[in-house]
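Quick notes on the structure that follows.
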Amino acid sequence: MVEATSTNGTNGTSEHKAFTLPPGEGKKICVGGGAGFIGSHLAKRLKASGYKVTCVDWKKNEFMENDEFCDEFVLGDLRKLDIAVKSCEGCTQVYNLAADMGGMGFIQSNESVLAFNNTAISMNMLEAARRAGAKDFFYASSACVYNEEKQEDPNNPGLIEADAWPARPQDMYGLEKLYSEEMALAYGRDFPMNVRIARFHNIYGPYGTWRGGREKAPAAFCRKAITSKEHFEIWGDGKQTRSFTYIDDCVEGILRLTFSDCEVPINLGSTEMVDMIQFANIAMSFEEKKLPIKHMEGPMGVRGRNSNNKLILEKLGWEPTMKIEDGLKKTYFWIKGEVEALEAKGEETTSFSKSEIVVQTDDSLMQLAN
Numbered sequence: 002m003v004e005a006t007s008t009n010g011t012n013g014t015s016e017h018k019a020f021t022l023p024p025g026e027g028k029k030i031c032v033g034g035g036a037g038f039i040g041s042h043l044a045k046r047l048k049a050s051g052y053k054v055t056c057v058d059w060k061k062n063e064f065m066e067n068d069e070f071c072d073e074f075v076l077g078d079l080r081k082l083d084i085a086v087k088s089c090e091g092c093t094q095v096y097n098l099a100a101d102m103g104g105m106g107f108i109q110s111n112e113s114v115l116a117f118n119n120t121a122i123s124m125n126m127l128e129a130a131r132r133a134g135a136k137d138f139f140y141a142s143s144a145c146v147y148n149e150e151k152q153e154d155p156n157n158p159g160l161i162e163a164d165a166w167p168a169r170p171q172d173m174y175g176l177e178k179l180y181s182e183e184m185a186l187a188y189g190r191d192f193p194m195n196v197r198i199a200r201f202h203n204i205y206g207p208y209g210t211w212r213g214g215r216e217k218a219p220a221a222f223c224r225k226a227i228t229s230k231e232h233f234e235i236w237g238d239g240k241q242t243r244s245f246t247y248i249d250d251c252v253e254g255i256l257r258l259t260f261s262d263c264e265v266p267i268n269l270g271s272t273e274m275v276d277m278i279q280f281a282n283i284a285m286s287f288e289e290k291k292l293p294i295k296h297m298e299g300p301m302g303v304r305g306r307n308s309n310n311k312l313i314l315e316k317l318g319w320e321p322t323m324k325i326e327d328g329l330k331k332t333y334f335w336i337k338g339e340v341e342a343l344e345a346k347g348e349e350t351t352s353f354s355k356s357e358i359v360v361q362t363d364d365s366l367m368q369l370a371n
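Going by the numbering used here, the sequence shown wraps up at 371, each residue one higher than the last.
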């Protein structure tokens with residue numbers, strides 16, 4: 002269901018193929034982590050196309066009612082196999098976007114907890130999909146799988162998929178993702194299930210976490226640009242570089258990949274890379290704010306990370322199209338609306354100009370024990 006079109010990617014040079022999502026016609030699917038940022042956007046599009054969507058998560062969506070993005074919502078802990086199995090019953094497709102995660106400050110403060118939780122979730126969703134006889138299984142991996150040695154130069158030329166091996170991710174979050182990729186591929190070899198894997202590069206957009214310490218850089222930068230009065234805080238020297246991928250491109254890429262014949266992990270990311278000082282200035286530009294940058298001690302992650310899109314263009318005939326400035330502007334004004342809503346209720350928002358590192362917590366492990 003593809004035909005040539007002239008839509009271009011973020012590099013402005015590639016001709017894309019059109020894509021029409023096959024009609025759902027009531028087919029049952031499961032989205033693990035469906036109340037999360039990416040999961041809820043994906044589920045919403047699938048539901049709109051006629052799929053009967055079951056979302057399972059250990060929390061409810063903060064910004065949408067259940068019926069806005071799914072037909073059935075299961076409030077459950079996917080670290081428990083019985084929850085995963087029950088949620089996947091009768092499903093032809095399973096999308097696993099469930100993970101305990103957050104921004105760099107959270108990931109580096111909670112490596113052991115994330116490794117335990119995410120390994121359990123990944124194992125259970127795969128096995129539940131197998132038991133359900135699901136035809137297709139999508140796994141949401143991450144650019145965090147890549148070898149740290151390939152990411153020491155801020156002028157990163159773009160990570161190709163083979164750069165994940167030999168394995169040396171920066172942290173346990175990336176190592177768990179890489180192991181779960183291999184586990185999913187093994188299931189695909191051993192059982193009649195199509196496995197598709199995308200390595201996400203910094204997904205952002207409206208209706209995602211924007212405060213509390215688990216938010217990622219785009220939301221944090223927008224929040225600080227909106228609320229800062231004297232200076233703009235950045236962790237480190239601000240010369241670390243990243244590419245960022247808008248949520249609509251992410252959902253489009255997931256669906257194109259799932260309905261493709263691509264059997265290998267692929268990058269799902271923009272190739273438009275900026276450093277953090279540039280990123281801060283973009284965020285401040287939407288309302289012509291000019292503040293000095295204040296450099297703070299804090300986790301910076303790798304020095305340079307960018308997506309190489311040669312393989313996704315080869316396999317899918319497509320790559321993300323949203324420019325950083327355009328996508329961040331949409332995100333900025335959505336977060337501004339959230340801030341203004343809190344202010345209208347009389348809540349204090351001056352602390353939103355600060356960066357917060359979530360300290361290590363074992364609450365989730367203790368909840369599982371109970």
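For each residue, glycine too, the CB sits at the ideal point set by N, CA and C.
- Beta bridge pairing from DSSP links Ser142 with Arg200.
- Of Cys56, Val86 and Gln109, the smallest CA-CA separation from Ala99 is found for Cys56.
- Assignment of Gly37 by DSSP, reduced to helix, strand and coil, places it in the coil class.
- For Val54, the enclosing beta strand (DSSP E) starts and ends at Lys53 to Asp58.
- A direct Cα-Cα distance of roughly 14 Å separates Lys61 from Asp101.
- The residue from Met274, Met126, Ser244 and Trp166 with its alpha-carbon nearest to that of Glu90 is Met126.
- Three or more beta-carbon pairs separated by less than 8 Å are not found between the segment 183 to 192 and the segment 72 to 81, which leaves the two stretches without contact.
- With a threshold of 16 other beta carbon atoms within 10 Å, Gln368 falls short and is exposed.
- Inter-segment contact for the segment 25 to 33 and the segment 234 to 252 is absent: fewer than three beta-carbon pairs are separated by less than 8 Å.
- The Cβ atoms of Ile204 and Glu273 lie no closer than 9 Å to each other.
- Excluding five sequence positions before and after Ser123, the CB atoms of its chain that fall closer than 6 Å to its own CB belong to Ser181, given in chain order.
- Linking Asn119 to Glu177 through their CA atoms gives a straight-line distance of about 7 Å.
- The residue from Gly37, Lys290, Glu150 and Ala133 with its alpha-carbon nearest to that of Gly206 is Gly37.
- Under the Cβ criterion (8 Å, minimum of three pairs), the segment 157 to 166 counts as touching the segment 262 to 273.
- In the structure shown, His296 falls within a strand segment according to DSSP collapsed to helix, strand and coil.
- Within its own chain, the residues whose Cβ lies closer than 7 Å to the Cβ of Gly237, once the five positions on either side in sequence are excluded, are His296, Gly299 and Met301, listed in chain order.
- A distance below 8 Å between beta-carbons, with the five flanking residues on each side excluded, links Glu344 to the following residues of its chain, in chain order: Thr350.
- Runs of the beta strand (DSSP E) spanning 3 or more residues and lying entirely within the segment 66 to 129 occur at 73 to 76 and 94 to 97, in chain order.
- For the pair of segments examined, the segment 255 to 269 was found to touch the segment 306 to 322: the number of CB pairs separated by less than 8 Å reaches three.
- By the C-beta criterion, the segment 130 to 142 is judged not to be in contact with the segment 272 to 286, since fewer than 3 inter-stretch pairs fall below 8 Å.
- Here Asp276 is buried. Its C-beta has 16 or more other C-beta atoms within 10 Å.
- Cβ atoms of Arg224 and Ile336 come within 8 Å of each other, at about 6 Å.
- The continuous stretches of beta strand (DSSP E) do not include Val252, which lies in the alpha helix (DSSP H) extending over residues Ile248 to Thr259.
- The alpha-carbon of Phe334 is positioned some 11 Å away from that of Ala226.
- In this structure, the straight-line span from the alpha carbon of Met65 to that of Thr93 is close to 25 Å.
- Here DSSP, grouped into helix, strand and coil, assigns Met194 to coil.
- Residue environment analysis places Asp250 among the buried positions, since at least 16 neighbouring C-beta atoms fall within 10 angstroms of its C-beta.
- Rounded to the nearest whole angstrom, the C-alpha separation of Ser308 and Lys230 is 34 Å.
- Inter-residue distance for Leu82 and Gly40 is about 20 Å (C-alpha atoms, whole angstroms).
- The C-alpha of Asp191 is placed about 14 Å away from the C-alpha of Asp137.
- For Arg304, the three-state secondary structure derived from DSSP is coil.
- His17 places its beta carbon 9 Å or farther from that of Gly254.
- As the crow flies, the alpha-carbon of Pro219 is around 33 Å from that of Gly25.
- If you draw a straight line from the Cα of Arg257 to the Cα of Pro193, it is about 20 Å long.
- Of the other Cβ atoms in all chains shown, 16 or more fall within 10 Å of the Cβ of Ala141; this residue is therefore buried.
- Rounded to the nearest angstrom, the gap between the Cα atoms of Ile84 and Asp58 is 10 Å.
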